[in-house]
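Asks: Sequential numbering from 10 applies to the sequence shown in our numbering.
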Amino acid sequence: MRVRMSALPIRAADQIVVGLGFILLIVIGLLCARRSQTDEGYFLAGRSMPGWVVGFSMMATIVSSMTFLALPAFAFGESNWRNCLAHFTYIPAIAIAIFLFIPFYRRSRVSSAYEYLERRFGLWARLYAAASFVLFQFFRAGIVLYAVSLAVQSMLQLEADSLPWIICIAGAIVSIYTIVGGLQAVIWTDVLQGIALIVGGFICLPIIVMQLPGGFGQLLQVAAQDDKFNLGSTELTLSGKTVWAYLLAEFVLFMQLLGTDQTNVQRYAAAKSDKAATQAAAFGCLLAVPTWLYFLFLGTCLYVFVKVVPETGLEGLSADQVFPRFILTQVPAGLAGFMLTGLFASAMSTLDSSINAVAATVTIDFYKRLWGRQRDTRHYALVGKMISLLFSIAMISTACAIYYTRSSETLDDLQRTLLSIFSGGLLGLFLLGFLTLRVDGRAALVATIVTAFSVGGWLWVDSALADRFFPSWKVQMPDKLWVGTLANTLLFSVAYGVSWIVVNRHDRPLNGLTIWTTTKQHTATGE
């Protein structure tokens, strides 16, 4: 595919802004390379990062391109804000992380979230959790890269066969600075990307308001008349996408991300002090929640804009095409380039975190633990860079595979389904370790197997294949939003029940491994 830059529907000023943004990311990666020669430097940024910087990185990672693209599209196309309240559950999840997860991980000085599970339940738990994380990130990174590339292709009005090239270019850029600079480059580029994402989004609102005859008041009036601020169904049922389903699903998801996800555990460890780690979590929450709400509101603003303002060129477009096309046609030159940079940034902050976290997990939890214990720190950093390269290639290949084999399922639904498959019950496993004394590795293993088969059976019954043979079953099943909540509850309950049946046998001391056996003097080894 050959595309002349002059033929693109993006102005020269915007091309310059986007190009400078990409160059700056690579420069940051090169500047951080010297401090990423050891495993602690490459995977944990030398445990020396300021709290506000880590907090910005946490915000940029969790917000992602799904916020920049999916939330405006959702609010534009749907008749309600049914997932609005769910974002507020990030606040109690962060509070729990500050008082439970961060102290545990900081005290133990682990490099991987899954080291804890081996100390608590045995090697099987560590390998199971690490493998689940790697597999989920493998597919998630491909989905995010595909989604942002699809948006760029739509914005630039390129031919469909140009999408694999966009995927390769975007994937190569994020891979270069991540592989070279390690976690320090990831965190500092996340700061710039987070700023670009937030500022890029806030550029749109005044542009919309200034073109409405009645200004901001008309915006609110039309949106209210069309019931666009409706928070959704409050019906007490498991079968629909109700407010309660979203609240519980998002809370469990946030708890899982903050308590079991390597991308966040790395950032807890990368902070220069316990206080800085706590500040990072609080600051990230302070930035993330308003950002989610703003992008929801922006989708409603776009709805009013298209309805009220004549001949915008946005009429008849699908919901997911409106915001990208608005950027190109309504935002002034230069600023549109900044917003396009924000669009790329929203994806790259997720992708670079996935690349480095997977490299850390594979290096520490598999290579170092099983095969390469007696090596120097530079060796592990080199292994991490090689794994980062391999994962980057796999990420680009997965995104291209989605392009060639895409189905009717939305990308957000696909991501949630994959999370249910590869991470179902993982939060429950960690909470068993933190909160219980009597549950040992055998009870946890039985519960993990039961949960895995239960989630697999649920998803099969919900599939199109099962629908052909047992159509009545699917009608009776809860909505897939409940998978995470019910899977974690099942694992916790089964493990605790089994612990009363089998003879309790802890093969390792629990000192420092539960909230009941922890003091400030305890270390990861329980000494």
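Every residue gets a Cβ at the ideal spot worked out from N, C-alpha and C, and that includes glycine. Being a predicted model, the structure only gives us computed values, none of them experimental.
Quick one: grab the DSSP three-state call for A134.
Replies: As a first step, residue 134 must be located in the sequence shown, where it is residue number 125. Note: A134 maps to helix in three-state DSSP.
Asks: What's the call for Y413, buried or exposed, on a 16-neighbour Cβ count within 10 Å?
Replies: On the sequence shown, position 404 is the one that residue 413 refers to. Its Cβ having fewer than 16 others within 10 Å, Y413 is exposed.
Asks: Looking only at C-alpha atoms, which of Y186, Y312, V317 and L438 sits nearest to G223?
Replies: To locate residue 223, count along the sequence shown from 1; it is residue 214. Checking every option, the nearest Cα to that of G223 belongs to V317.
Asks: Taking Cβ positions, are A297 and Y99 nearer each other than 8 angstroms?
Replies: Counted from its first residue, the sequence shown places residue 297 at position 288. Counted from its first residue, the sequence shown places residue 99 at position 90. Yes, the Cβ-Cβ distance between A297 and Y99 is below 8 angstroms.
Asks: S163 to Y376, Cα distance in whole Å?
Replies: Position 154 of the sequence shown, counting from 1, holds the residue named residue 163. Position 367 of the sequence shown, counting from 1, holds the residue named residue 376. Each residue's alpha carbon lies about 41 angstroms from the other.
Asks: Going by the DSSP bridge assignment, what does M58 pair with across the sheet?
Replies: Sequence index remark: in the sequence shown, residue 58 carries index 49 (1-based). Per DSSP, A280.
Asks: DSSP on G325, reduced to helix/strand/coil?
Replies: Position 316 of the sequence shown holds residue 325. Of the three classes helix, strand and coil, the one that applies to G325 here is coil, per DSSP.
Asks: Determine the direct distance from the alpha carbon of A82 to that of Q330, and round the result to whole angstroms.
Replies: Looking up residue 330 in the sequence shown gives position 321. Looking up residue 82 in the sequence shown gives position 73. About 8 angstroms.
Asks: Taking 7 angstroms as the limit between beta carbons, can you name the residues of its chain near A342, skipping five residues before and five after?
Replies: Taking the sequence shown and counting its residues from 1, one reaches residue 342 at position 333. Here the set comprises R20, A22 and D23.
Asks: Distance check for S141 and H531, CA to CA, integer angstroms please.
Replies: The residue you call residue 531 lines up with position 522 of the sequence shown. The residue you call residue 141 lines up with position 132 of the sequence shown. Because the pLDDT at H531 is just 43, under 50, the model does not fix this residue reliably, and the value given afterwards should be weighed accordingly. Taking the straight line joining both Cα atoms gives about 29 angstroms.
Asks: Cutting at 6 angstroms between CB atoms, please list the residues of its own chain near L399, excluding the five before and the five after it.
Replies: By one-based count along the sequence shown, residue 399 stands at place 390. In the same chain as L399, and ignoring 5 residues on each side of it, no C-beta atom comes closer than 6 angstroms to its own.
Asks: Just list the alpha helix (DSSP H) runs in the segment 227 to 297, keeping only unbroken ones of 4 residues or longer that don't cross its boundaries, in chain order.
Replies: Taken in chain order, the complete alpha helix (DSSP H) segments of 4 residues or longer contained in the segment 227 to 297 are 252 to 269 and 271 to 279.
Asks: Can you name the start and end residues of the alpha helix (DSSP H) that H548 belongs to?
Replies: A question about residue 548 goes unanswered here, because the residues of the chain that appear run from 10 up to 536.
Asks: Can you give me the Cβ contacts of I107 inside the same chain, cut-off strictly under 6 angstroms, excluding the 5 residues immediately before and after it?
Replies: Stepping through the sequence shown from its first residue, residue 107 is reached at position 98. Answer for I107: T287 and A290, listed in chain order.
Asks: Return the first residue and the last residue of the alpha helix (DSSP H) that Q220 is part of.
Replies: Residue 220 sits at position 211 when you count from the first residue of the sequence shown. Counting along the chain, the unbroken alpha helix (DSSP H) around Q220 starts and ends at L172 to Q220.
Asks: Tell me where the alpha helix (DSSP H) around G223 begins and ends.
Replies: Mapped onto the sequence shown, residue 223 falls at position 214. Note, G223: premise wrong, no alpha helix (DSSP H); not H, not E.
Asks: Take L468 as the anchor and find which of E244, G450 and L495 has the nearest alpha-carbon.
Replies: If you number the sequence shown from 1, residue 468 lands on position 459. Distances from the CA of L468 to each of E244, G450 and L495 were compared; the closest alpha carbon is that of L495.
Asks: Given this structure, state the Cα-to-Cα distance separating A450 from G493, to the nearest angstrom.
Replies: For this step, residue 450 is matched to residue 441 along the sequence shown. For this step, residue 493 is matched to residue 484 along the sequence shown. This sequence places Gly at residue 450; Ala is not what is there. Their backbone Cα atoms lie some 22 angstroms apart in a straight line.
Asks: If we call anything under 8 angstroms between Cβ atoms a contact, is V252 one with L240?
Replies: Here residue 252 refers to the residue found at position 243 when the sequence shown is read from its first residue. Here residue 240 refers to the residue found at position 231 when the sequence shown is read from its first residue. Their beta carbons are under 8 angstroms apart, which means V252 touches L240 by this criterion.
Asks: Verify whether the separation of the beta carbon atoms of R129 and A278 is less than 8 angstroms.
Replies: Translated into positions along the sequence shown, residue 129 becomes position 120. Translated into positions along the sequence shown, residue 278 becomes position 269. No.
Asks: Using only the alpha-carbon positions, how far apart do C213 and L307 sit?
Replies: Here residue 213 refers to the residue found at position 204 of the sequence shown. Here residue 307 refers to the residue found at position 298 of the sequence shown. Cα to Cα, the separation comes out at about 8 angstroms.
Asks: As an exercise, report each continuous beta strand (DSSP E) stretch of at least 3 residues that is fully enclosed by the segment 73 to 149, in chain order.
Replies: none
Asks: For I405 versus G180, is the C-beta distance shorter than 8 angstroms?
Replies: The residue given as residue 405 occupies position 396 in the sequence shown. The residue given as residue 180 occupies position 171 in the sequence shown. Yes, the Cβ-Cβ distance between I405 and G180 is below 8 angstroms.
Asks: Here's the rule I'm using: 16 or more other beta-carbon atoms within 10 Å means buried, otherwise exposed. How should E259 be labelled?
Replies: Taking the first residue of the sequence shown as 1, we reach residue 259 at position 250. That one is buried.
Asks: Quick check: L192 and F52, are their CB atoms within less than 8 angstroms of each other?
Replies: Here residue 192 corresponds to residue number 183 of the sequence shown, with the count starting at 1. Here residue 52 corresponds to residue number 43 of the sequence shown, with the count starting at 1. Yes, they are a contact pair.
Asks: What number of angstroms, rounded off, separates the C-alpha of C41 from the C-alpha of A194?
Replies: Position 32 of the sequence shown, counted from the start, is the residue given in the question as residue 41. Position 185 of the sequence shown, counted from the start, is the residue given in the question as residue 194. So the alpha carbons of these two residues sit roughly 6 angstroms apart.
Asks: On the premise that V507 lies in contact with V455, defined as a C-beta separation below 8 angstroms, what is that separation, rounded to the nearest angstrom?
Replies: Within the sequence shown, the letter at position 446 stands for residue 455. Within the sequence shown, the letter at position 498 stands for residue 507. Between V507 and V455 the Cβ distance is about 5 angstroms, and since that is below 8 angstroms, they are a contact.
Asks: Can you give me the Cβ contacts of S15 inside the same chain, cut-off strictly under 8 angstroms, excluding the 5 residues immediately before and after it?
Replies: Position 6 of the sequence shown, counting from 1, holds the residue named residue 15. With a pLDDT of only 42 at S15, under the threshold of 50, the placement of this residue in the model should not be trusted; the figure read from the coordinates follows. Excluding residues within five positions, none has a Cβ falling inside 8 angstroms.
Asks: Just curious, the alpha helix (DSSP H) that S355 is in, first and last residue?
Replies: Counted from its first residue, the sequence shown places residue 355 at position 346. Unbroken alpha helix (DSSP H) run through S355: L344 to T370.
Asks: Measure the beta-carbon distance from D361 to V161 and round it to whole angstroms, keeping in mind my assumption that it falls under 8 angstroms.
Replies: Start at 1 with the first residue of the sequence shown, and residue 361 comes out as number 352. Start at 1 with the first residue of the sequence shown, and residue 161 comes out as number 152. So it is not a contact: roughly 18 angstroms between Cβ atoms.
Asks: The alpha helix (DSSP H) spanning S45 covers which residue range?
Replies: The residue given as residue 45 occupies position 36 in the sequence shown. First-last for S45: undefined, no H or E at that position.
Asks: Do you know how far the Cα of R91 is from the Cα of D236?
Replies: For the purposes of this step, residue 236 is taken as residue 227 along the sequence shown, with counting starting at 1. For the purposes of this step, residue 91 is taken as residue 82 along the sequence shown, with counting starting at 1. Distance between the alpha carbons of D236 and R91: 12 angstroms.
Asks: If distances are taken between C-alpha atoms only, which option among S171, L344 and R116 comes closest to F542?
Replies: As displayed, the chain neither begins before 10 nor continues past 536, which places residue 542 out of reach and without an answer.
Asks: DSSP three-state call for N497: helix, strand or coil?
Replies: What you label residue 497 is simply residue 488 of the sequence shown in a count that begins at 1. N497: helix per DSSP, three-state reduction.
Asks: Please confirm whether Q46 and A390 have their CB atoms less than 8 angstroms apart.
Replies: Within the sequence shown, residue 46 is the residue found at index 37, counting from 1. Within the sequence shown, residue 390 is the residue found at index 381, counting from 1. Contact: yes.
Asks: Only counting the same chain, and skipping five residues up and downstream in sequence, which positions put a Cβ closer than 7 angstroms to that of M264?
Replies: Position 255 of the sequence shown, counted from the start, is the residue given in the question as residue 264. Result list for M264: A102, I105 and L436, in chain order.
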